[in-house]
Amino acid sequence: MRKGRPLRSVRARLLVAVLVSVTLGLAAATLGFDLLLAHTTSNNIDTLLRQRVQSERSLLTVKDGAIAISGRDGVDSSADSRIWIFDGRKPIERPVAEAATVAAVSRLVGGPARFINVHETDEQLYAAPLLDEAGVRVGTIVAGVSNAPYEETRRAAVVGSLAFAALLLAIVAVAAWWLLKAALRPVAAMTEQAAAWSENDLERRFEVPDEPYDELTRLGSTLNGLLDRLGASLRHERRFSAELSHELRTPLSKVIVEAEIALRRERSSSDYRDALDATLRNAQHMTRIVETLVAVAQQEAAPTRGTADALEILEQTATASSGIAEARQISLLTHHPSTPIRLGVDGDIAERVLQPVVDNACRYARTEVQVALETRGNRVRYVVSDDGAGLHPSEVEAIFEPGIRGTASQGTQGAGLGLALARRLAHAASGEVTYEGNGRGATFVVSLPAA
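Using this note's numbering, the first residue of the sequence shown is number -3, and each one after it goes up by one.
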């Protein structure tokens, strides 16, 4: 079916379904009415014929085998006009009738009580035996009635029922069309609104009441909730991408500057070595950012549940962060229990979550950073404490947003992506990164699932 035809719309399909159902129901009702009317009419004709035979029998007397008619005065002549009375096979009373009727009456004489229909004259006959006082049959009474008036009444009733059904079907069609149009109007409005939106309309929502009252308004409310989540996610991704580009731009610019300076004129081997060292550090910085983002994307798209030695992750992280600690003359101390502890996440993921937190502590500590390993329930916790300036209460959650840095970060390098990346990757691995003030500095807790 080509696009644009009516049956492609829900309203058209529902309207067709309603009309087909109502049509079938009306057809069944009309057919049932016709059958009931035919049965009732047939019973009425049979009852009328029996009554006429009984009425005529009350006017007859049988004496010594002879039939006599008495009490005819006062009897409705119209009722008697279709009565045949036979003494044996000899007619003693017979009305004027057509040949087909006369022949049918002749076949009934002497037979049992029965009904027959004379199709040629559209007449129904009823024959009953005439008995004497001893119960011996002496004759036959036959009553007849024309079917024409009854059939005319039946036809009129059927035509009337068909006309009524057609009128009712038309009323139902109009009512169903109006009701479906009114019921689906919110869907049409939402479709038009959604078609007019662009990818930049993050704040636009479907117009639904505050309190949904039916399926369609609940659908609109549910879609609005979905759009809220999608909008928030898209805004977060846009902001995150912008901050990421800024963070990558800084080390990339440094690489370019170092290369341009080194190539501007001939230099000594030590100068070239210093330029290469700076280039390597910036390249490693960019590599860590990109690898962390790739790990986040992979973990969010297809979560995996690996295992790792928690103590080994602690030692590797401490070794990786020792360069920053030595450069700032900070003591980096680790504490761990004697019993082995297993993480319920891949070791590479755990290290990428923990290292930015430890690096951050080393940048802002005054003299010392301590990293303790512990378990609590089914969680493995890395508690990273420093003796730096700490955070203002208003900065506790803000620092986990991309590009946001605390007041203590002035004079330090970076774009504030380390903690944001760490928390995002932790969430992807069913973990968490939180801040806990220790009164003399800052304490961050990295919580990951235990194996």
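Think of the CB as a built atom: it goes at the ideal place given N, C-alpha and C, for glycine as much as any other residue.
Beta-carbon separation (whole angstroms), residue i vs residue j, contact threshold 8 Å
i	j	result
L339	T303	6 Å
S317	C358	6 Å
T363	I320	No, T363 and I320 are not in contact; Cβ-Cβ is about 14 Å, not under 8 Å.
L22	L165	6 Å
L415	I395	6 Å
P182	T213	7 Å
I88	R48	At roughly 17 Å, the Cβ-Cβ gap does not stay under 8 Å, so I88 and R48 are not in contact.
L350	T313	5 Å
I112	A95	The pair is not a contact, with the Cβ atoms about 15 Å apart (cut-off 8 Å).
L444	V341	5 Å
Residue(s) in a DSSP beta bridge with residue i
i	result
D305	R338
A87	As written in the sequence, residue 87 is Pro, which differs from the Ala given in the question. F82.
L121	I112, G140
K59	A62
V376	T371, L444
T430	V441
S327	E364
G135	D83, L126
D355	None, per the DSSP bridge assignment.
S381	Q366, T439
Exposed unless 16 or more other CB atoms sit within 10 angstroms - verdict on residue i
i	result
N39	exposed
V71	Because the pLDDT of V71 is 45, which lies under 50, any placement of that residue in the model is unreliable, and the number read from its coordinates should be weighed accordingly. V71 is exposed by the Cβ-count criterion.
D383	buried
V441	buried
I252	exposed
Q50	exposed
V141	buried
V92	exposed
P333	exposed
A422	buried
S381	buried
S265	exposed
L104	buried
A228	exposed
R436	exposed
L223	buried
L31	exposed
A191	exposed
Best match in the options for proximity to residue i [C-alpha to C-alpha]
i	options	result
R200	E207, Q189, D206	Q189
R324	D344, V105, N356	N356
H331	G343, Q351, Q366, A316	Q366
L44	Y122, R85, A93	Y122
Q280	S265, L307, I309, K250	K250
L10	G156, F396, W174	W174
E254	A171, R90, D270	D270
I450	E322, A274, R348	There is simply no residue 450 to check, as the chain begins at -3 and stops at 447 in what is shown.
L176	H388, L55, H423, V12	V12
G373	S17, S237, G107, A446	A446
L387	A438, V429, L415	A438
E129	L31, L56, T430, L222	L56
E432	E393, A416, R420	E393
L180	E211, R151, R150	E211
A346	E428, K86, T283, F396	E428
R420	Y360, V353, E94, V379	V353
G106	E116, V134, N113	V134
L244	L230, E262, E287	E287
A454	A385, V341, V379	Absent from the model: residue 454. The displayed extent of the chain is -3 to 447, so no value can be given.
R110	K59, R46, K86	R46
E116	T97, P108, G131	T97
K59	L222, G131, T315, S426	G131
L248	N278, A228, G221, D224	N278
A139	R151, V114, G343	V114
8 Å Cβ shell around residue i - same chain, five flanking residues per side excluded
i	result
Y268	A258
T26	V154, S157, L158, A161
S102	none
I337	D305, A306, L307, L369, T371, V376, A446
V168	V14, L15, V18
L219	M186, F202
I41	Q120, V141, N143, Y146
R53	A124, L126, I137
I63	L56, T57, I81, D83, I88, L126, V134, G135
R261	none
Cut-off 6 Å between Cβ atoms - residues of its own chain near residue i, not counting five sequence neighbours on either side
i	result
A171	none
T335	none
Proximal residues to residue i (C-beta, below 7 Å), its chain only, five neighbours per side dropped
i	result
V6	L180
S66	L55, T57
R90	W80
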